[in-house]
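Data first, discussion second: the structure below is written as structure tokens.
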Amino acid sequence: MKAAVIVFPGSNCDRDMKVAIEQSLGHAPSMVWHADTELPPTDLIAIPGGFSYGDYLRCGAIAGNSPIMREVVKKASQGTLVLAVCNGFQVATETGMLPGALLRNANQKFICKDVDLKVVSDNKYFAGSFTKGDTVRFPVAHHDGNYFADEETRKRLHGEGMIAFQYADADGNVNAETNINGSVDNIAGIYNEKGNILADAASGTPDKRRAGWHGRQSVFR
Amino acid sequence: MKARVTISLKNGVLDPQGKAIEHALHGLGFDGVNDVRQGKIIELDLGDIAKENAASEVERMCTQLLANTVIENYSIELLD
Amino acid sequence: MKARVTISLKNGVLDPQGKAIEHALHGLGFDGVNDVRQGKIIELDLGDIAKENAASEVERMCTQLLANTVIENYSIELLD
Amino acid sequence: MTEITKEIVAEHGLSESEYEEVLKILGREPNLTELGIFSVMWSEHCSYKSSKKWLKTLPTEAPWVICGPGENAGVVDIGDGQAAIFKMESHNHPSYIEPYQGAATGVGGIMRDVFTMGARPIANMNALRFGHPDHPKTRHLVSGVVAGISGYGNCMGVPTVGGETNFHESYDGNILVNAMTVGLADADNIFYSAAAGIGNPVVYVGSKTGRDGIHGATMASAEFDDDSEEKRPTVQVGDPFTEKLLLEACLELMATDAIVAIQDMGAAGLTSSSFEMADKGGVGIQLDLDQVPMREVGMTPYEIMLSESQERMLMILKPGREEEAKAIFHKWELDFAVIGKVTDTGRMVLTMKGEVAADLPVAPLADAAPEYDRPWVKTNPPAPLMSKDVKAPEDLKEVLVKLMGSPAIASRRWIWEQYDHMVMGDTIQRPGGDAAVVRVHGTQKALAITTDCTPRYCFADPKSGGAQAVAETWRNLTATGAKPLAITDCMNFGNPERPEIMGQFVGCIEGMREACLELDYPVISGNVSLYNETNGTGIFPTPAIGGVGLLKDASQMMTLAFKGEGQSIFVVGETRGEMGQSIYLKEIEGREEGAPPAVNLAEERKNGDFVRSIIEQRVATAVHDISDGGFLVALSEMALAGNVGAEITLLTDNELHGFCFGEDQARYIVTSNSQDVEKITNEAKKADVSLQLVGTTGHNGLKINDVLSISLEEIKEVHSNWLPNLMSAPK
Ligand SMILES: Nc1ncnc2c1ncn2[C@@H]1O[C@H](COP(=O)(O)OP(=O)(O)O)[C@@H](O)[C@H]1O
Ligand SMILES: [Mg+2]
């Protein structure tokens, strides 16, 4: 399996992502510069966390308009797997690859800590090592992780099994108290309809991210 | 030709910044205040551009970059 | 009584946001644009307050909280 | 042309005798630009005129030191051809005036100091002192400073892994924001700042120059008075995104051999960077100011030279390498301009619009920088205060609850959860322990990092306090299993023109010196911030110390959390019941009295070396040093971290409160599996170290004899809630 990591000016988890992929696949991903217009042949595109363009204007907005993203959107629609983490989640919603948007955390603060996430859906590409109903513990590190979607979109997310993770406690309880940042329905990560795009607001050190990558069928976590 | 774009969150989108400001104002004793919303304002110098093209040009900037229409409304004012 | 406060960076203060937006607009082909500055707009519902008090009340909110007068200017509009 | 009047000279902070020296050097009157240059070069901030004499007495050498004080940051060898580069710097005054931007640009500045030398920053630390928690400004300052540090550091993608935070009324009008950065470089690819090569191009890179913070450097050395808020516009706005690009671009260029010398533009901007480079290289520099990238129109030479716009660097390139360098900076969308060349004249010649704007001799200006031997008086330390002199408390539990929820001891989680302390994926000991530990990427090695200082000790007895600050960093590094290598310092004091303040400075330096010598732990970089006073009241003397240590094998890293039930608990080091200046005395009796605990450096070293050796032999399971609040506070912290309680049986000659709350130095709490008790006991005997078996872990609370019984929940509640409650209380 081949992987590519997109690098924007201001990305700062690109190395973390590279390390995680390298440790999992046994070989390095290609690093693709934002100004490029073509992707190398790849089975997985990773959009790493960080502060693309300083998160100025809106998180992910300027990155979402960079040349390489047109290509990423095209490949994603043709079924290439896309993993968008943290700032990558924001980039993915900004391009319209995924529905909704991310707002400033409800408490207005950057949040860096380990959180429990409930695995909400099974997915044939990702989440290979977890099953629906599990809880997993991942670090988050974000300032704008507060996921928003309108009523109609939320119904669709629930109805079509597009919710990947929800903020929970260690026993998998999802409620207002476990909602660290104000996200609608505690949503921490989502898939697209086809299930080939996963985005989540967790950050994830390489060590944690590596856990759960099992070869071709199940990617990353 | 200059333009001013005002971007605000759509009704129904919770505004965490506005809420935090409201809370802080209450803390300072401004009790009567409510419904605080925060938006953005972007001012641009469009350079030499015909007035009749300016509005559509700024409109394109808004939809392509300046506003996220999933959550935001925008309005454009041309100033000269 | 409602009010709208517009907050902008003082002249000469670096505006990293505006700079990045300008750069991104150039990248999208809007070459003529320059001098992009970003500001904030805060809308408040003041509740039942006499019009003659409203302005001074909002003024106090600005100096105490809404604007960082070290680097920002503000202007107040009362709407009703 | 502006006439240089007495008033203008005074406004520039130059004394009459200093101005006479200016006239002597030039043989004529300076113009305004030249006066501005003298003023910043001879400011306290740049010239160290009050402190130099004493700084020179600090030990700065060891076989592992590659570069000591004098460059942008200090460098130590960490083996395998790698070097750690670090420094700490203050941004006190700007942070008081505008906490968010002041703190943010402080973080930006110290990171530039480190990557200027060729290192990738791998960890940030911050040492913060705020006023009394109830002071009307405190919360605003705390939230702004923390947000500013978080805003800049997080965006840079460098983890902020630790620091320290104090609250005391002596900082009410003068907070301290000290930021430290640790970077990693190849030992054979370190960059220095001495200009060389006559004719070589002088290159400006980074952000454009605006009218930011003009006179910031002089402001940072000027005492505050009540109208200091009027000085606001001198604050700079940070642009961490541009700095991130600057970092990547500089490291990319540093991977080639195009750079002769490089220097960041920090305080006093283009002036101090160009003069320092020329002076160190013994050369002249000619600058064409029209070539400087400018953000605003109509800037004068004075403004260009004194601007403190952030995110800029000055470099000397090898001839003919301009295009290659330019391509890199343009790829990162940064300004790049050749603004001058190295000359053999020994003069700094600035031209603009075809006219000479300044023409100054470099060496005389630098050499003649004033250096003062300011009068000082020694602080007479008060008499020691032992537990026998202090009434025993009636209820130990009440005392513990009070201490654990006190400003000095309560959890700082509210702060460090706002810092990305995990980015880069190598943080193996997060905030909350004795020292942060960061793996050296891709190796088995790790660096332990800590900052410490106990200002109330320094105030009572500067010499002992200075030694204690160094010793505490050494102890904290040791507690993780690391071998302490070197320190950086940030000397924050009041007005040095007052003999008692100067005496505090001299005393602290003396104590630091002794500790560094005894512990083999040199000073490799640092910073001095004076005039931290408002209306004539100085801050507590605060020599903040940043220590760095090396763990050769990261798998041996020790933490403070209890690891399970049934483990034996030891106290290493002797307890005499030192209550002077203790948190107990302050919180329970409302007194800040007595001598600080005695510092015995030989004992410090012996005990620390013993602790490190049992960690290396893998017989210790948890280690925590005993500091603020004493034994019982340290024990509680270990219990909370591991979520495991402890039962303590104390047979002590001392009063029990002396054992529990005395702040005697050179002590640690250590746990081990029960089968290793004998081994540890024997090792301690061999090393002639005082060791006391005091109890075992287990139970869901803490018990001492039959005088204390408390659940962990109760302790946790007060410990974790104090700061969030403070910060969320209505204004
Ligand atoms: N208290 C101190 N102890 C040791 N070295 C110091 C101290 N203060 C300053 N130095 C050293 O003096 C040099 C100049 O410091 P400084 O002017 O703060 O650097 P910069 O120009 O990067 O801000 C640095 O090498 C610094 O490490
Ligand atoms: Mg420097």
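From first to last, the protein sequence lines are chains A, B, C and D.
Okay, so the first sequence: first residue is 1 according to this note's numbering, each after it adds one.
Okay, so the second sequence: first residue is 1001 according to this note's numbering, each after it adds one.
Okay, so the third sequence: first residue is 2001 according to this note's numbering, each after it adds one.
Okay, so the fourth sequence: first residue is 3001 according to this note's numbering, each after it adds one.
We treat Cβ as the ideally placed atom computed from N, Cα and C, and that holds for glycine.
Along the beta strand (DSSP E) that carries residue i, what are the first and last residues, could you check?
i                  : result
Asp144 of chain A  : Where Asp144 of chain A is concerned, there is no enclosing beta strand (DSSP E), given that its DSSP letter is neither H nor E.
Phe8 of chain A    : Unbroken run through Phe8 of chain A: none, as it is neither H nor E.
Phe3191 of chain D : From DSSP, Phe3191 of chain D is part of no beta strand (DSSP E); its letter is neither H nor E.
Asn1034 of chain B : Asn1034 to Asp1045
Asn1073 of chain B : Glu1072 to Leu1079
Gln3581 of chain D : Element bounds for Gln3581 of chain D: n/a, residue is neither H nor E.
Ala3067 of chain D : Correcting the residue type first, residue 3067 of chain D is Cys in the shown sequence and not Ala. Per DSSP, Cys3067 of chain D belongs to the beta strand (DSSP E) from Val3065 to Cys3067.
Met3348 of chain D : Arg3347 to Met3352
Glu151 of chain A  : Glu151 of chain A -> not in any beta strand (DSSP E); alpha helix (DSSP H) instead, spanning Glu151 to Gly159.
Leu102 of chain A  : Ala101 to Leu103
Could you give the residue range of the alpha helix (DSSP H) that holds residue i?
i                  : result
Trp3474 of chain D : Pro3462 to Ala3479
Pro3522 of chain D : It is not in any alpha helix (DSSP H) - Pro3522 of chain D carries neither H nor E in the DSSP assignment.
Asp3279 of chain D : Gly3269 to Gly3281
Thr3242 of chain D : Pro3240 to Met3254
Leu3551 of chain D : Not the alpha helix (DSSP H): Leu3551 of chain D falls in the beta strand (DSSP E), residues Thr3542 to Leu3551.
Ala2020 of chain C : Pro2016 to Gly2027
Asn3721 of chain D : Leu3712 to Ser3728
Leu3026 of chain D : Glu3016 to Leu3026
Asp3706 of chain D : It is not in any alpha helix (DSSP H) - Asp3706 of chain D carries neither H nor E in the DSSP assignment.
Ile3680 of chain D : Val3677 to Ala3687
Ile3008 of chain D : Lys3006 to Glu3011
Gly3284 of chain D : Segment Gly3284 to Asp3288 is the beta strand (DSSP E) holding Gly3284 of chain D; no alpha helix (DSSP H) there.
For residue i, list the residues DSSP reports as bridge partners.
i                  : result
Ala4 of chain A    : A:Ser30 and A:Ile45
Tyr191 of chain A  : A:Leu198
Leu81 of chain A   : A:Leu44
Tyr167 of chain A  : A:Leu117
Met3294 of chain D : D:Thr3209
Phe3631 of chain D : The partner list for Phe3631 of chain D (beta bridge, DSSP) is empty, contrary to what the question assumes.
Thr231 of chain A  : The question about residue 231 of chain A has no answer here: the residues shown for chain A are numbered 1 through 221.
Tyr3204 of chain D : D:Leu3314 and D:Ala3337
Glu3089 of chain D : D:Ala3179
Cys3490 of chain D : D:Asn3527 and D:Ala3544
Asp1031 of chain B : BP columns for Asp1031 of chain B are empty, so no partner.
Thr2006 of chain C : C:Ile2041 and C:Ser2075
Phe3570 of chain D : D:Val3670 and D:Leu3693
Asp3113 of chain D : Asp3113 of chain D pairs with nothing; no bridge assigned.
Ile3449 of chain D : D:Ala3436 and D:Val3548
Gly3162 of chain D : D:Met3125
Thr3343 of chain D : D:Gly3284
Hey, residue i and residue j are a contact pair by Cβ (cut 8 Å); roughly how many whole angstroms apart?
i                  : j                  : result
Leu3141 of chain D : Thr3165 of chain D : Contact flag wrong, Cβ pair sits at about 12 Å.
Val3040 of chain D : Ser3272 of chain D : 7 Å
Leu117 of chain A  : Val136 of chain A  : 5 Å
Lys3049 of chain D : Glu3311 of chain D : With a Cβ gap of about 28 Å, Lys3049 of chain D and Glu3311 of chain D do not count as contacting.
Val115 of chain A  : Phe130 of chain A  : 15 Å between Cβ atoms; not a contact.
Pro3597 of chain D : Glu3514 of chain D : Incorrect: roughly 16 Å between the Cβ atoms, too far for contact.
Thr3451 of chain D : Val3438 of chain D : Thr3451 of chain D to Val3438 of chain D, Cβ: 14 Å. No contact.
Exercise for review: Check whether the region 3142–3149 of chain D touches the region 3274–3285 of chain D, taking contact to mean three or more Cβ pairs, one atom from each stretch, closer than 8 Å.
Suggested key: no
Practice item. Compile a chain-ordered list of the residues in the region 2020–2032 of chain C whose CB is closer than 9 Å to at least one CB of chain A. Key: Ala2020, Ile2021, His2023, Ala2024, Gly2027 and Leu2028
Exercise for review: Would you check if there are 3 or more beta carbon pairs closer than 8 Å linking the region 3316–3326 of chain D to the region 3385–3403 of chain D?
Suggested key: no
Check your understanding: When the Cβ atoms of the region 3202–3212 of chain D are set against those of the region 3473–3483 of chain D, are three or more pairs found closer than 8 Å?
Key -> no
Review point. Of all the residues that make up the region 3100–3123 of chain D, which are near chain C by a beta-carbon distance shorter than 9 Å?
Key: Tyr3100 and Gln3101
Exercise for review: Decide yes or no for the touch test of the region 3081–3092 of chain D against the region 3056–3073 of chain D: beta carbon pairs closer than 8 Å, at least 3 of them.
Suggested key: yes
Review point. Does the count of Cβ pairs from the region 3434–3443 of chain D and the region 3628–3644 of chain D closer than 8 Å reach three?
Key: no
Check your understanding: Counting pairs of beta carbons, one from the region 1040–1049 of chain B and one from the region 2031–2050 of chain C, are three or more of them closer than 8 Å?
Key -> yes
Exercise for review: Examine the Cβ distances between the region 55–70 of chain A and the region 147–163 of chain A and report whether three or more of them are shorter than 8 Å.
Suggested key: no
Practice item. Give the residues from the region 32–62 of chain A that approach chain C closer than 7 Å (Cβ to any Cβ), ordered along the chain. Key: Tyr53, Gly54, Tyr56, Leu57 and Ile62
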